[in-house]
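Chemist: Using our numbering, read the sequence shown as starting at 217 and increasing by one per residue.
Submitted below is the structure of interest, expressed as structure tokens.
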Amino acid sequence: AVERAIAQELGADPGYSGLIIKNPAHSYWQTIEVEGAPYSLERLASGLDLSIAANKARTQVDTSGLERNCSVFEELRHWSYRAVSGYWRPNGESAWLMAVRDQAHSLNLFREPLQQKEVDQIAKSVGRWVWKRFSPAARRDLIERTHTPELQAKRGAKKGAAKRQECMDKAMLMTLAGHSTRDIAAELGVTAMTVSNWIKRAKSGK
């Protein structure tokens, strides 16, 4: 409650995630401490409006604020998966990262938009990740790993077994319907001996 009230008083972004900050301990900054002792919650709350109505309103703002970052990230990554192949060319990465950045900012159309630096950071993370994992080389690697002769043979065997089972089931149905072995063989494109073996196997339960 105190944190939300302080954000309200200072006009701060209630949805700020805290991921992008200036480090006061870094030598680049000149940090001035005006209060040596830490503040207590009681002292902080003394000048703030902590009424139930105010807290309820702030909670609603907080909730919508927390969704902005995730919304931009989710929409941007799905767009990137589809769009990246259009930049697969020599020196295409720079153009790609710029396109991702532009797309990210086009998604930041909230009543209280995210800060530019935060949107840029989201775009940078998504752009680099997608470029690395959705590149032509990555696609070739995936194909090589999932389309080896051994795997292709296994897939072919599974398809063949499924097709054979389908024909066997149809052969039994035609047999029960009174069709001859010769007619069934002609219908399924196999030999009469094959049909005979299927029927024997089905009757034996093997």
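All residues carry an ideal CB built from backbone N, CA and C; glycine is no exception.
#1: Tell me whether Gly252 counts as near the ligand NAD, meaning its Cβ is closer than 6 angstroms to at least one heavy atom of that ligand.
#2: Which residue from Ala320, Gln331 and Asn324 puts its Cα closest to that of Gly343?
#3: In whole angstroms, what is the alpha-carbon distance linking Leu313 and Ala241?
#4: Measuring CB to CB, does Ala418 end up less than 7 angstroms from Met388?
#5: Look at Met384 and Trp345 and say whether their C-beta atoms are less than 7 angstroms apart.
#6: Any chance the segment 251-271 sits against the segment 293-311, with 3 or more Cβ pairs inside 8 angstroms?
#7: How many Å lie between Trp304 and Leu404 at the Cα?
#8: Taking the alpha helix (DSSP H) that Gln246 belongs to, which residues open and close that run?
#9: Go through its chain and collect everything with a Cβ distance to Thr215's Cβ below 7 angstroms, but skip five positions before and after it.
#10: Quick one: what's got a C-beta closer than 6 angstroms to Gln331's C-beta in the same chain, skipping five residues either side?
#11: Does DSSP put Gln410 in a helix, in a strand, or in coil?
#12: Identify the continuous alpha helix (DSSP H) that holds Arg344 and give its terminal residues.
#13: Less than 7 angstroms between C-beta atoms, sequence neighbours within five positions excluded: which residues of the same chain meet that for Ser412?
#14: Distance, Cα to Cα, Lys416 vs Lys374?
#15: Using a 10 Å radius around the Cβ and a threshold of 16 neighbouring Cβ atoms, would you call Trp347 buried or exposed?
#16: Assign Arg380 to one of two classes, buried (16 or more other C-beta atoms within 10 Å of its C-beta) or exposed (fewer than that).
#17: Since Val218 is in the alpha helix (DSSP H), which residue starts that stretch and which ends it?
#18: When the Cα atoms are used, what is the spatial distance from Glu225 to Asp265?
#19: How many angstroms separate the CA atom of Phe350 from the CA atom of Gly227?
#20: Roughly how many angstroms lie between the CA atoms of Asp336 and Glu366, to the nearest whole one?
#21: How many angstroms separate the CA atom of Thr410 from the CA atom of Lys386?
Modeler: The relevant details are as follows:
#1: Ligands displayed in this structure: none; no statement on the ligand NAD is therefore possible.
#2: Translated into positions along the sequence shown, residue 343 becomes position 127. Here the closest residue by C-alpha is Ala320.
#3: Position 97 of the sequence shown, counted from the first residue, corresponds to residue 313. Position 25 of the sequence shown, counted from the first residue, corresponds to residue 241. Looking at the two C-alpha atoms, the distance is approximately 32 angstroms.
#4: As a position in the sequence shown, residue 418 is number 202, starting the count at 1. As a position in the sequence shown, residue 388 is number 172, starting the count at 1. Yes, the pair counts as a contact, with Cβ atoms nearer than the cut-off.
#5: Looking up residue 384 in the sequence shown gives position 168. Looking up residue 345 in the sequence shown gives position 129. The answer is no: Cβ separation not under 7 angstroms.
#6: no
#7: Translated into the one-based positions of the sequence shown, residue 304 becomes position 88. Translated into the one-based positions of the sequence shown, residue 404 becomes position 188. For Trp304 and Leu404, the distance between alpha carbons rounds to 47 angstroms.
#8: The count along the sequence shown starts at 1 and reaches residue 246 at position 30. Gln246 -> no alpha helix (DSSP H), and no H or E assigned at all.
#9: For the chain, the structure presents residues 217 to 422; residue 215 sits outside this window and is missing.
#10: Counting from 1 along the sequence shown, the entry for residue 331 is found at position 115. Excluding positions up to five away in sequence, the list is empty.
#11: To locate residue 410, count along the sequence shown from 1; it is residue 194. Gln is not the amino acid found at residue 410; the sequence shown has Thr there. If DSSP states are grouped into helix, strand and coil, Thr410 belongs with the helices.
#12: Along the sequence shown, read from residue 1 onward, the residue named residue 344 stands at position 128. Per DSSP, Arg344 belongs to the alpha helix (DSSP H) from Gln332 to Arg349.
#13: The count along the sequence shown starts at 1 and reaches residue 412 at position 196. If we look at Ser412 and ignore the five residues flanking it on each side, its Cβ neighbours are Thr397.
#14: Locating residue 416 in the sequence shown gives position 200, where the first residue counts as 1. Locating residue 374 in the sequence shown gives position 158, where the first residue counts as 1. Near 23 angstroms, if we compare the C-alpha coordinates of Lys374 and Lys416.
#15: For the purposes of this step, residue 347 is taken as residue 131 along the sequence shown, with counting starting at 1. Buried, since its Cβ has 16 or more Cβ neighbours within 10 Å.
#16: Within the sequence shown, the letter at position 164 stands for residue 380. Under this definition Arg380 is an exposed residue.
#17: Working through the sequence shown from its first residue, we reach residue 218 at position 2. Note, Val218: alpha helix (DSSP H), Val218 to Leu226.
#18: What you label residue 225 is simply residue 9 of the sequence shown in a count that begins at 1. What you label residue 265 is simply residue 49 of the sequence shown in a count that begins at 1. Glu225 and Asp265: Cα-Cα distance of roughly 9 angstroms.
#19: For the purposes of this step, residue 350 is identified with residue 134 of the sequence shown, where counting begins at 1. For the purposes of this step, residue 227 is identified with residue 11 of the sequence shown, where counting begins at 1. C-alpha separation (whole angstroms): 41 angstroms.
#20: What you label residue 336 is simply residue 120 of the sequence shown in a count that begins at 1. What you label residue 366 is simply residue 150 of the sequence shown in a count that begins at 1. If I take the Cα positions, the gap works out to 45 angstroms.
#21: Residue numbering aside, residue 410 sits at position 194 when the sequence shown is read from its first letter. Residue numbering aside, residue 386 sits at position 170 when the sequence shown is read from its first letter. Distance between the alpha carbons of Thr410 and Lys386: 13 angstroms.
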